[in-house]
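The structure appears below as structure tokens.
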Amino acid sequence: MRVFVTKPFARFAGQEGLADRQLREVARRVVDGLVDADLGGGVIKQRIARQGQGKSGGFRSVVLYRKGDTLFFVYGFAKKARTNIRKDELQAFRLLADQMLAMDDTALKAAMANGTIAEILDED
């Protein structure tokens, strides 16, 4: 499974101290079918625990994924900052999912080369 973060999500993760290891664990849960909220169209909302705390008061991430081998973290927020995403945002995420989940290896390499996305490599 290949896991990618968008530039804005990478910035969010860095500011909040989210480690690549945590993101890979979230990705594994999604792939294993342990989805917190399937919002349709390849858009999933998944919880991420704060360091030393549970998931309920932690972070929320918007993940793009359909059965396959590529997953994208595209948006993140602290639960205390907002409760959910708006309907217009969900529509935009669904359109983004259609585009990003259709990317082939050439498109992924180009997006990594221009800094739009970065791959989170497995530590194993």
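In our numbering, the protein residues as written are 38 to 161.
Heads up, the beta-carbon is just placed ideally off N, CA and C, and yes, glycines get one too.
In this text, all values refer to a predicted model and were calculated from it rather than measured experimentally.
Exercise. Would you report the Cα separation of residue 153 and residue 47, rounded to the nearest angstrom?
Worked result: Counting from one through the sequence shown, the residue named residue 153 turns up at place 116. Counting from one through the sequence shown, the residue named residue 47 turns up at place 10. The straight-line gap from Cα to Cα measures roughly 10 Å.
Exercise. What residue ranges within the region 129-153 form continuous beta strand (DSSP E) runs of no fewer than 3 residues, ordered along the chain?
Worked result: List check, beta strand (DSSP E) in window: nothing returned.
Problem set entry | Whole-angstrom distance between residue 63 and residue 83, CA atom to CA atom | The count along the sequence shown starts at 1 and reaches residue 83 at position 46. The count along the sequence shown starts at 1 and reaches residue 63 at position 26. Their backbone Cα atoms lie some 7 Å apart in a straight line.
For this session: Look at the Cβ atom of residue 167, then the Cβ atom of residue 113, and state whether they are nearer than 7 Å.
Result: Any question about residue 167 goes unanswered here, given that the chain covers just 38 to 161.
Problem set entry | Straight-line Cα distance separating residue 110 from residue 98 | Indexing the sequence shown from 1 puts residue 98 at position 61. Indexing the sequence shown from 1 puts residue 110 at position 73. The straight-line gap separating the alpha-carbon atoms of residue 98 and residue 110 is approximately 7 Å.
Exercise. Do you know whose CA, among 131, 108 and 124, lies nearest residue 145's CA?
Worked result: Residue 145 sits at position 108 when you count from the first residue of the sequence shown. Put simply, of 131, 108 and 124 the residue whose alpha carbon is nearest the alpha carbon of residue 145 is 108.
For this session: Measure the C-alpha to C-alpha separation of residue 138 and residue 103 and round it to an integer number of angstroms.
Result: One-based indexing of the sequence shown puts residue 138 at position 101. One-based indexing of the sequence shown puts residue 103 at position 66. Our two residues, residue 138 and residue 103, have alpha carbons roughly 7 Å apart in a direct line.
Problem set entry | Other residues of its chain near residue 149: CB distance less than 7 Å, five sequence neighbours each side excluded | As a working note, residue 149 is residue 112 in the sequence shown. Taking C-beta separations shorter than 7 Å and ignoring five residues to either side along the sequence, the partners of residue 149 in its chain run 155 and 156, following chain order.
Problem set entry | For residue 38, the nearest candidate out of 127, 68, 100 and 131 (CA to CA) | Numbered from 1 along the sequence shown, position 1 holds the residue referred to as residue 38. If we check each option's Cα against that of residue 38, 68 comes out closest.
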